[in-house]
Amino acid sequence: MINRNVTNNNITKSKKMKNAKFTLFIMLLALTVASCTNNQGIEDEQLYQEQSKTSDIAKSVTKFLKSKINQESTNEINSSNVDKAMEFDFGFRFTYPITLLYTNGSEVLVSNISDLTSVITATTTSLYINGVSFPFEVSKDESVQTISNEAEFATLVNSYDTDNDGTSNYIDNDDDGDGIMDTNEDIDGDGNPINDDTDNDGIPNYLDTDSDNDGVLDSDEDANGDGDASNDDSDNDGIPNYLDTDSDNDGTPDGEDPDNNGSNNSGDNNDNGGTNDNGNNDSGDNNDNGGSDDNGNNDSGDNNDNGGSNDNGNNDNGNDDNGNNDNGDSNDDGNGNGN
């Protein structure tokens with residue numbers, strides 16, 4: 005005889021076990037899904053971080069800065085040139101520290117301008133900077149700005165245009181628009197125009213519109229008018245006019261000299277044909293032959309010379325001389341009172 009109580013108990017236990025297994029399965033499934041979701045989230049976050057650090061602008065900036073590094077010797081690198089390039093060619097300086105990204109995915113923490121110079125110097129054609137960790141801060145116009153993404157970084161770099169010609173300084177071959185190529189304003193010939201400042205005003209020649217500070221713009225010292233003032237040397241002293249404070253070597257500084265750089269030379273006010281030279285006061289002019297005070301108004305044929313009022317005319321053999329009271333007039337023969 006079958007014991008129904010035992011059978012019912014077994015069935016109940018079996019159902020409970022099935023329920024427990026199902027519950028366990030659901031829990032495991034949920035954990036698996038959650039794990040996959042978390043892993044995907046982590047991967048997505050990593051991808052986002054990598055993408056947010058990749059920067060074409062960072063690549064362009066560091067590449068340009070490397071071109072400005074003046075390696076004076078194998079053991080000495082002039083980081084001041086990088087610092088000046090940041091200021092003069094980009095119009096800002098990084099507020100340190102910043103994190104830069106190499107092409108191989110590795111990162112480097114940069115704490116100061118020396119670090120930046122060293123990092124840039126070590127780059128190669130295959131291993132170079134192509135990213136920066138956003139956000140970062142920069143110093144511009146005596147204030148601190150936060151750069152949060154690539155678009156803001158691009159605006160910061162591309163908007164700096166000293167001569168307002170529509171070309172950003174760092175890709176402009178004439179940053180100050182004076183007609184002289186930046187490369188031609190590298191006076192010491194070391195390949196780096198940043199360290200050339202003729203008038204010592206703190207502005208390198210390639211950004212200075214009056215490089216010798218003589219009061220005459222570089223572009224106005226283009227004596228031959230070919231658009232390039234670097235090839236004009238009026239006094240042949242080996243110094244181009246735009247760097248020579250006395251371009252005609254007459255002892256008067258250009259800023260005070262009305263006849264500097266040929267602007268007042270032949271054919272102008274103070275030279276041949278002008279006001280004070282062989283012109284107005286020379287032959288054929290007011291005070292020369294034919295003019296008021298020379299062989300003209302007061303010379304032969306004029307008021308006070310032969311044939312004029314007081315010479316052999318009215319007062320000569322006529323009214324008061326051998327005339328009125330002499331032969332030939334009312335008291336002479338022929339008018340009744342003569343001989």
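In our numbering, the protein residues as written are 5 to 343. No residue lacks a Cβ here, since even glycine has one placed at the ideal position from N, Cα and C.
{"Item": "Under a three-way DSSP split, which group does residue 210 fall into?", "Value": "helix"}
{"Item": "For residue 236, which option in 111, 184, 261 and 190 has the closest C-alpha, if you only look at C-alpha atoms?", "Value": "184"}
{"Item": "Could you compute how far the alpha carbon of residue 249 sits from the alpha carbon of residue 203?", "Value": "10 angstroms"}
{"Item": "Can we say the stretch 173 to 193 touches the stretch 209 to 217, given the rule of at least three CB pairs closer than 8 angstroms?", "Value": "yes"}
{"Item": "Using C-beta distances below 8 angstroms, list every residue in its chain close to residue 177, excluding the 5 sequence neighbours before and after it, in chain order.", "Value": "185, 186 and 187"}
{"Item": "What residue does the alpha helix (DSSP H) around residue 83 start on, and which one ends it?", "Value": "83 to 89"}
{"Item": "Nearest CA to the CA of residue 240: which residue from 254, 82, 230 and 127?", "Value": "254"}
{"Item": "Does the structure place the stretch 155 to 164 close enough to the stretch 108 to 117 that three or more beta carbon pairs sit under 8 angstroms?", "Value": "no"}
{"Item": "Can you tell me where the alpha helix (DSSP H) with residue 121 in it begins and where it stops?", "Value": "117 to 126"}
{"Item": "Look up residue 98 in the DSSP assignment and say whether it is helix, strand or coil.", "Value": "strand"}
{"Item": "Can you check DSSP and say which residues form a bridge with residue 140?", "Value": "151"}
{"Item": "Rank 126, 133 and 90 by C-alpha distance to the C-alpha of residue 60 and give the top, closest one.", "Value": "133"}
{"Item": "Going by alpha carbons, who is nearest to residue 214 out of 143, 96, 259 and 242?", "Value": "259"}
{"Item": "Can you list, in chain order, the residues of its chain whose CB lies under 7 angstroms from that of residue 113, leaving out five sequence neighbours each side?", "Value": "101 and 103"}
{"Item": "Just mark residue 154 as buried or exposed, buried being the case when its beta carbon has 16 or more other beta carbons within 10 Å.", "Value": "buried"}
{"Item": "Suppose the cutoff is 8 angstroms on Cβ atoms and the five residues either side in sequence are ignored; what does the same chain contact list for residue 86 look like?", "Value": "69, 72, 73, 117, 120, 121 and 124"}
{"Item": "Over the uninterrupted beta strand (DSSP E) stretch that includes residue 114, give me the two end residues.", "Value": "111 to 114"}
{"Item": "What's the C-alpha gap between residue 84 and residue 147?", "Value": "21 angstroms"}
{"Item": "Can you look up residue 135 in the DSSP assignment and give me helix, strand or coil?", "Value": "strand"}
{"Item": "Tell me where the alpha helix (DSSP H) around residue 220 begins and ends.", "Value": "Where residue 220 is concerned, there is no enclosing alpha helix (DSSP H), given that its DSSP letter is neither H nor E."}
{"Item": "Hey, how far is the Cα of residue 357 from the Cα of residue 195?", "Value": "Since the first residue of the chain shown is 5 and the last is 343, residue 357 is not available in this structure."}
{"Item": "Within 10 Å of its beta-carbon, does residue 216 have 16 or more other beta-carbons around it, so buried, or fewer, so exposed?", "Value": "buried"}
{"Item": "Using beta-carbon positions only, say whether residue 58 and residue 170 come within less than 8 angstroms of one another.", "Value": "no"}
{"Item": "Under 8 angstroms by Cβ, that's how I've got residue 246 and residue 222 pegged, so tell me the actual separation to the nearest angstrom.", "Value": "4 angstroms"}
{"Item": "With a threshold of 16 other CB atoms inside 10 Å of the CB of residue 234, please say whether the residue is buried or exposed.", "Value": "buried"}
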